[in-house]
Ligand SMILES: Cc1ncc(C[n+]2csc(CCOP(=O)(O)OP(=O)(O)O)c2C)c(N)n1
Ligand SMILES: [Mg+2]
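Written as structure tokens, this is what we have:
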């Protein structure tokens, strides 16, 4: 067990899976010789060769399709996009072909799409987006969104062994966070060897009695900070990290809301079309009688992601906005 | 019609096997001289390209200004003034300037992410570029975007998104509108060697050829796509060779010689304006600096080769040498032109650093046209 970075955890998962199963291979732009834009696959090509760490031409649609084709024959490709935003190049390959193949009784498509996503200091409109909003409504795709190094490693291994296409969202912001700088609930030691994190199991980052705060991805940070503030005001907030969006740990969500009676949903994506709308609907449909206050959501502003620092700050959800929403709910 | 096999023309050879500075010329000689193919190398005797003094000065100013604007931006980045990242076209100045300088004021430019020189040649003021890079209110996107993801509507320069390849179909659409409006205009766009691997690029080339659009596509082949060399990018000996496959003429040119670029692009634009259809021009240069300001170039590049290109094929230096050699300008006139360009770039930078940031209260304004 040791404290490693999110990036190191991802590298370890890929390395160990490639050692374990020769059907696993990596494909993407600049991942071999260059080690990838974020150096997750640094040194891989030297160890595994050019056939297992494939430097693809600048053709996301083409190499995604090719990887899916290889997956049909039982190989287990891990496709890297340089930035999650470029996955829009490949929609029909993923959404129309890979996602529905098994339903059409044409067999499993065991493939992982690695998407370095979300905001990272002035990434601007095409290097900051939250891709779950594009895939959440598509049957047949699993969506993983690890927020800790422990989950990054265990969930990537799980994704590679899963027989379904997995949209694996990585948070660029977390790649190089030093474990010692993280809040305690996120500072989790990572086992050296093999382990997996099963999909569909949320993690309670912090237990509480008065309010439930549901989140995933980058906003676990703001959620924990805000919960801390509320604690000093005598309000106890339960913070839950969903970890996977498909499958969704409905039981954990409903159990927490039954206990607290109040729900705030927080994510980095915009509210409109964001996953929070679905979460709110599930809670309203299934445990309405337990709610003591309206469900609230905090998300980004309803615009593309702007680049200039003051605009980006105004766009993104912040601890202050979460604190404000929690206070309103607490007072209800 | 006889079937053409390019490999039959001579021994097949890969670009990386030709290590000399003029490998593109060797390739053109081997592959583009096949009878029946419209792709060809245009040997242009440099004496024949000798510009008049006014033109010579204008081109010199633009080349030098491009270098100076990018160097000012680079120093601003080092000083922490650029949010996000920055792409520079060091080594690409001749291709950017030589091409866009041929456009008329009313014609559209659809640039890529390394075409600072094309922006300047089309009339995008350095102040506006700088304000954009610094995320300020006076940039064309008013802080919504950054880097060379920028257009300038007053001078008919489109914006570009980051997704590479996307702009080529869009450029084709701009050209299509010129065709159906019969306004005699042509459209110029640039794409990288990496960008030619996208489906969008192929779809656009086919569409432009089928529709006979007034579109000139310049491939800035700077021998890298981020960290990827041509050997991992394409397997045809030259990208210009694809042109006859699409059904348009293709040219392979020295993209570090501003006069060569200008000559070939202006001929292609004229032909397009007259209804002759599209053309593909592969303009060969070397990316003389890293992919972005964050790139660790030496991790993956052949630095010796880079130094050779820097010494022999720096577009700014080459043009200086040409002007002196052919006695178009004196060394003093050249030095004065460089000094003017530098002063202009630095003044624009200093002014842009004084420009306010956009109002965060307006973050969600302008999503829809009113
Ligand atoms: C569709 C897409 N995939 C990946 C990227 C990330 N990316 C930005 S620039 C670049 C390399 C582009 O190479 P090239 O087309 O040769 O242009 P150059 O940068 O060399 O001028 C890549 C891969 C992108 N912008 N768009
Ligand atoms: Mg290139």
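Chains as they are written, first to last, in the working numbering: chain A, 107 to 438; chain B, 1311 to 1680. Note that beta-carbon positions come from the ideal geometry of N, C-alpha and C, so glycine has one too. Note that the structure is predicted; figures quoted are calculated from it, not measured.
Taking 7 Å as the CB-CB limit, is residue 439 of chain A close to chain B? Here chain A comprises residues numbered 107 to 438, so residue 439 of chain A is not present and cannot be evaluated.
inquiry  = Could you compute how far the alpha carbon of residue 1450 of chain B sits from the alpha carbon of residue 158 of chain A?
reply    = Approximately 44 Å between the Cα atoms of the pair.
query = What residues does ligand 2 have around it, judged by CB closer than 6 Å to any heavy atom, in chain order?
reply = With the criterion CB distance below 6 Å from any heavy atom of ligand 2, the matching residues run B/1502, B/1503, B/1504, B/1532, B/1534 and B/1535 along the chain.
Handout entry: Buried versus exposed call for residue 1493 of chain B [16 or more other C-beta atoms within 10 Å across all chains shown]
Key = That one is exposed.
Worksheet item: Does the beta-carbon distance from residue 1598 of chain B to residue 1401 of chain B come in below 7 Å?
Response: With contacts defined by Cβ atoms closer than 7 Å, residue 1598 of chain B and residue 1401 of chain B form a contacting pair.
The region 342-361 of chain A touching the region 306-325 of chain A, judged by at least three CB pairs closer than 8 Å: Put simply, the region 342-361 of chain A touches the region 306-325 of chain A. At least three CB pairs are less than 8 Å apart.
*Just to confirm, does residue 108 of chain A get its C-beta within under 6 Å of one of the non-hydrogen atoms of ligand 1?*
No, the beta carbon of residue 108 of chain A sits no closer than 6 Å to any heavy atom of ligand 1.
Of the choices B/1610, B/1603, B/1577 and B/1620, whose alpha-carbon is the least far from that of residue 1595 of chain B?
Closest option to residue 1595 of chain B, Cα to Cα, is B/1620.
Short of 9 Å Cβ to Cβ, which residues in the region 1472-1493 of chain B face chain A?
Within the region 1472-1493 of chain B, the qualifying residues are 1472, 1473, 1474, 1475 and 1476.
(Q) According to DSSP, is residue 1666 of chain B part of a helix, a strand, or is it coil? (A) Annotated three-state conformation of residue 1666 of chain B is coil, per DSSP.
Next item on the list: Give every residue of the same chain whose Cβ lies closer than 6 Å to the Cβ of residue 1515 of chain B, excluding the five residues on either side of it in the sequence, and list them in chain order.
Entry: Once the five neighbours on either side are set aside, the close Cβ partners of residue 1515 of chain B are 1556.
Test item: CB-CB of residue 1437 of chain B and residue 1658 of chain B under 7 Å: For residue 1437 of chain B and residue 1658 of chain B, yes; Cβs fall inside 7 Å.
- request: Within the region 277-312 of chain A, note down every full beta strand (DSSP E) run reaching 3 residues or more, in order along the chain.
  value: Entirely contained in the region 277-312 of chain A, the beta strand (DSSP E) runs reaching 3 residues are, in chain order, 309-312.
>> Below 6 Å, is the gap between the Cβ of residue 1480 of chain B and the nearest heavy atom of ligand 4?
In response: Ligand 4 is not part of the structure shown, which contains ligand 1 and ligand 2 as its ligands.
With distance defined between alpha-carbon atoms, name the residue in A/133, A/356, A/285 and A/388 nearest to residue 114 of chain A.
Between residue 114 of chain A and the set A/133, A/356, A/285 and A/388, the nearest pair of CA atoms involves A/285.
field: Cα-Cα separation, residue 1527 of chain B to residue 1425 of chain B
entry: Roughly 13 Å separates the two Cα atoms.
- Kindly indicate which three-state DSSP category residue 223 of chain A falls into: helix, strand or coil? Note: residue 223 of chain A maps to strand in three-state DSSP.
Would you check whether ligand 1 has a heavy atom nearer than 6 Å to the C-beta of residue 1474 of chain B? Under cutoff, so the answer is yes.
*So, helix, strand or coil for residue 373 of chain A, using DSSP?*
DSSP places residue 373 of chain A in strand when its eight states are reduced to three.
Problem set entry | Assigned secondary structure, residue 317 of chain A (DSSP; H/G/I helix, E/B strand, else coil) | Strand.
### Query
So with Cβ pairs under 7 Å, would you call residue 232 of chain A a contact of chain B?
It does; some Cβ of chain B falls within 7 Å.
How close, in whole Å, do the beta carbons of residue 423 of chain A and residue 337 of chain A come, if the pair is a contact with beta carbons under 8 Å?
Contact doesn't hold; Cβ gap of about 20 Å is too wide.
Point to revise | Sequence-distant residues of its chain with Cβ nearer than 8 Å to residue 1503 of chain B (five each side left out) | key: Once the five neighbours on either side are set aside, the close Cβ partners of residue 1503 of chain B are 1529, 1530, 1531, 1532, 1533, 1534, 1535, 1540, 1543, 1544 and 1549.
Short CB-CB distance (under 7 Å) between residue 187 of chain A and chain B: No, its Cβ sits nowhere closer than 7 Å to a Cβ of chain B.
Review point. Hey, does residue 1667 of chain B have any beta-carbon neighbour from chain A nearer than 7 Å?
Key: Yes, residue 1667 of chain B counts as interfacial toward chain A.
Just to confirm before moving on: does the CB-CB distance between residue 1498 of chain B and residue 1588 of chain B stay below 7 Å? Inclusion of residue 1498 of chain B and residue 1588 of chain B in the CB contact set at 7 Å is not warranted, their separation being larger than that value.
Exercise. Would you call the region 121-130 of chain A and the region 1452-1468 of chain B in contact, with 3 or more CB pairs under 8 Å?
Worked result: Result no; under three Cβ-Cβ pairs closer than 8 Å.
Span separating the alpha-carbon of residue 1349 of chain B from that of residue 247 of chain A
Bear in mind that the predicted position of residue 1349 of chain B carries a pLDDT of just 48, short of 50, making it too unreliable to give a figure here.
Worksheet item: Residue range of the beta strand (DSSP E) that residue 1499 of chain B falls in?
Response: Element bounds for residue 1499 of chain B: 1497-1502.
Inset, instruction - For residue 1477 of chain B, count neighbouring Cβ atoms within 10 angstroms of its own Cβ and tell me buried if that reaches 16, exposed if not. - result: By the 10 Å Cβ count, residue 1477 of chain B comes out buried.
Item to check | residue 103 of chain A: CB within 6 Å of a non-hydrogen atom of ligand 1 | outcome: Outside the displayed span of chain A (107 to 438) sits residue 103 of chain A, for which this structure offers no information.
>> With H, G and I counted as helix, E and B as strand and the rest as coil, what does DSSP make of residue 427 of chain A?
In response: Reduced to three states, the DSSP call for residue 427 of chain A is helix.
What distance in whole Å lies between the Cβ atoms of residue 273 of chain A and residue 221 of chain A, which are believed to be in contact at a cut-off of 8 Å?
-> At roughly 6 Å, the Cβ-Cβ gap stays under 8 Å, so residue 221 of chain A and residue 273 of chain A are in contact.
Review point. Leaving out five residues before and five after residue 427 of chain A in sequence, what residues of the same chain have Cβ atoms less than 7 Å from its Cβ?
Key: 404, listed in sequence order.
### Span of the beta strand (DSSP E), counted from its first residue to its last, around residue 1608 of chain B
Counting along the chain, residue 1608 of chain B falls outside any beta strand (DSSP E), and DSSP gives it neither H nor E.
Q: May I ask you to list the residues that DSSP assigns as paired with residue 1636 of chain B?
A: Residue 1636 of chain B pairs with nothing; no bridge assigned.
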